[in-house]
Amino acid sequence: MRPDQAPPPFRRAALALAAGLALAPAGARADGLDTAGDVLKYALPGAAAVCAWKQERLASYATGFGVMALSVEGLKYGLGDSGINERPNGESHGFPSGHTAAAASGATDLSLNCAPGNPWVAAGTAAATVLVGASRIDTDEHDLVQVLAGAAIGFFSTGIRLERTAHGGYGLSYSLNF
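Residue numbers (the numbering used here): -17 to 160.
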């Protein structure tokens, strides 16, 4: 489907996201960047979940998101007091960035499944994910490596699929087209 053939709700969503991103720098003073990152951590996966629900693939998206969340928390607690897990502010449980992982998961799903081939949605959601990562670095919650690791986990988690088997059960598969 060409970008100009996207269903009207997706075009409206893309325009709303683009407008929000255009206005975000104006409000990104003091703790505004932190707030924007916190909001986008929920907004991107939330929008992806609504899209997945409308496309009747919510269980599959939720499975990938759940695997992402478990991976992030497993690494944070499994790495304990190791150096890579230390946050710039001196606290622990910093690797990887969960905010960035959640944002990247939602952004990737929106780009690849909700508006495939739409460069505006791809650019807008990528910019939103970068904004989330930047907010985490700016607040000394994460360093660049922790943010990039979170983004990678979020990106790759969208390839996990929950599928119905021929015998009426469920199975997991992995496929990520980019």
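Don't be surprised by glycine CBs; every beta carbon is placed ideally from N, CA and C. Predicted, not measured: the structure shown is a model, and the values here were computed from it.
- In its chain, beyond the 5 residues on either side, Leu26, Pro27 and Ala30 have a beta carbon closer than 6 Å to the beta carbon of Gly88.
- Beta-carbon to beta-carbon, Thr45 and Leu144 are separated by about 4 Å, close enough to satisfy the 8 Å threshold.
- Straight-line spacing of the CA atoms in Ala116 and Ala148 works out to 45 Å.
- The segment 98 to 157 contains, as complete alpha helix (DSSP H) runs of 4+ residues, the segments 101 to 120 and 126 to 139 (chain order).
- Across the structure, Ser79 and Ser157 are spaced so that their CA atoms are roughly 24 Å apart.
- Less than 8 Å divides the Cβ of Ala86 from the Cβ of Gly136.
- By the CB criterion at 8 Å, Leu61 and Phe47 fall outside the cutoff.
- If only complete runs of 3 or more residues are kept, the segment 20 to 45 shows no beta strand (DSSP E) anywhere.
- With respect to the 8 Å criterion, Ser74 and Asp63 are classified as neighbours on the basis of their beta carbons.
- Excluding the 5 residues flanking it on each side, Glu68 has same chain C-beta neighbours closer than 7 Å at Ser74 and Gly76, in chain order.
- For Ser87, the enclosing alpha helix (DSSP H) begins and ends at Gly80 to Asp91.
- With respect to the C-alpha of Trp35, the residue from Leu57, Asp91, Met50 and Gly19 having the closest C-alpha is Asp91.
- Rounded to whole angstroms, the gap between the alpha carbons of Leu154 and Pro70 is 37 Å.
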